[in-house]
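Structure first, commentary second.
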Amino acid sequence: MKTIAVIVTCNRLALIPKALKSVSKLTRKPYNVYVVSNSTNENYLKEKEICKEFGVELFKNYRSENYAGALNTAVEQIVKQHEISEDLYFASFDYTNDFGQNHIKNNAIKLTTLLKSGAFNEGFSVTTEPTEKKEISIFTNNISFENKGNYQFVIGFIAGNDIIAKRIVEQIIEKVPTDLILIIDDTPKGKTLDETERILKESKKSFKIVSYDNWQAKLLIGYYGEYFEKFDDINSIPLGRTILHRHLFDETTQFEKPVYWIIDDDIDLNAISTSEKSFKLFDLINEHINKTDAIIGGISNDPPIPALVASEHNLWISYTATETT
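Note that the numbering used here has the sequence shown beginning at 196, numbered continuously upward.
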């Protein structure tokens, strides 16, 4: 069994060495490690130096500018560099977390199976509506924002780069009606979100940028939970999302009926459309707001999951529900 470990990065330089060190400590080591960059050109050059130090290959994603596109870039390189065989496996790694010793065993998929399933579908389109869970999953290419109902629409995200945050905010201002935009500032030391803040002020949109010093001070005193007191920085997705969720709550306590849209900082709202064929998100919210807790999905052609993984997830939900009842 030969496993190719794939790590996708996006402008988080400090986390790459951590991820590569974690991979090197695995008992069952991968046959090769590929790092695929979704980062800016400037950071891509810095990533090349880091990967060179660790002796791993770095590839630039020139496919769809999203997670699925980066994973498919890795698949392409594997096919180019290795003979396709039944003992060749693909395993993706989240570079923001430490990996357990069984990570490869639990996350690897046979390359031939992945290729038969169409690899990672950059234009995945499916709608599911489980009846037992108050949750709706929506994946669509084109989405529009008309017919907003009687609620407050709040967008929140974590920003590690002013250029990226500025791009997202410009798209939100142009296309999405909001009652609040909340941003957690996770830029590197010495960097700011000044341009993003300037644009927001000029737009007259209601917004809140939680500064690095603000949330870090609260982190150290256990404001986000006692468990996280030992950390002094956002070093994982769970911690980052915990900070974001808490501030979304803090800033909307006066809202009568808030609806939150939590997005990643690599999202591209260019997929938003105003055509008749587009999916109207507010119509969905209007229909389900009083009976649904969450809507989960992707709008940038990038649900980073092959169809087989999605099927496995749905089967697992059904199984656990049966076991519980």
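Just so you know, even glycine gets a beta-carbon here, dropped at the ideal spot from N, CA and C.
Spatial distance of residue i from residue j (CA atoms)
i    : j    : result
F288 : K305 : 15 Å
D478 : H440 : 24 Å
V405 : K220 : 36 Å
A286 : I273 : 12 Å
I202 : I245 : 13 Å
E392 : E369 : 16 Å
L377 : A269 : 34 Å
Q366 : D357 : 14 Å
N238 : S232 : 9 Å
D427 : D459 : 22 Å
E281 : L210 : 32 Å
K361 : L395 : 9 Å
G264 : N485 : 36 Å
N481 : D374 : 16 Å
E278 : N256 : 22 Å
F254 : I432 : 23 Å
S339 : L476 : 6 Å
I416 : V230 : 36 Å
L283 : A214 : 22 Å
K425 : L414 : 9 Å
G355 : K386 : 9 Å
I438 : Y422 : 13 Å
F348 : F450 : 10 Å
C205 : G344 : 35 Å
E195 : I350 : The chain is shown only over 196 to 520; residue 195 falls outside these bounds and no answer can be derived.
P372 : Y419 : 29 Å
R436 : N267 : 26 Å
T198 : P453 : 45 Å
E271 : R258 : 11 Å
W410 : E248 : 33 Å
T448 : Y346 : 13 Å
I331 : T487 : Note on I331: pLDDT 47, under 50, position unreliable in the model; no value is reported.
Exposure label - residue i; buried when at least 16 CB within 10 Å
i    : result
L309 : buried
E242 : buried
R207 : buried
A489 : exposed
L144 : The requested residue 144 is not part of the displayed model; the chain covers only 196 to 520.
F444 : exposed
S495 : Annotation note: pLDDT 42 at S495 (below 50); position unreliable, coordinate value reported separately. Looking at its Cβ environment, which holds 16 or more other Cβ atoms inside 10 Å, S495 is buried.
E412 : Residue 412 is actually Ala in this sequence, not Glu. Flag for A412 reads exposed.
I379 : buried
T222 : exposed
D381 : buried
P225 : buried
N236 : exposed
N261 : buried
Coarse secondary structure for residue i, derived from DSSP in three states
i    : result
G351 : strand
L439 : helix
V364 : helix
N485 : coil
L388 : coil
D427 : coil
P212 : helix
D459 : coil
D478 : helix
F450 : coil
N356 : coil
N409 : helix
N206 : coil
N238 : helix
N267 : helix
I394 : helix
I279 : coil
L260 : Sequence check: residue 260 is Glu here, not Leu. Coil at E260, not helix or strand.
P433 : helix
Y418 : coil
Opposing strand residues paired with residue i [DSSP bridges]
i    : result
K255 : S232
L375 : V349
V218 : Partner(s): none; V218 has no beta bridge.
S287 : V201
K305 : Y284
K403 : L377
N227 : I199
S339 : K475
Cβ-heavy atom distance, residue i to the ligand HEM, below 8 Å
i    : result
I457 : By its list of ligands, the structure shown contains no ligand whatsoever, and the ligand HEM lies outside what it can speak to.
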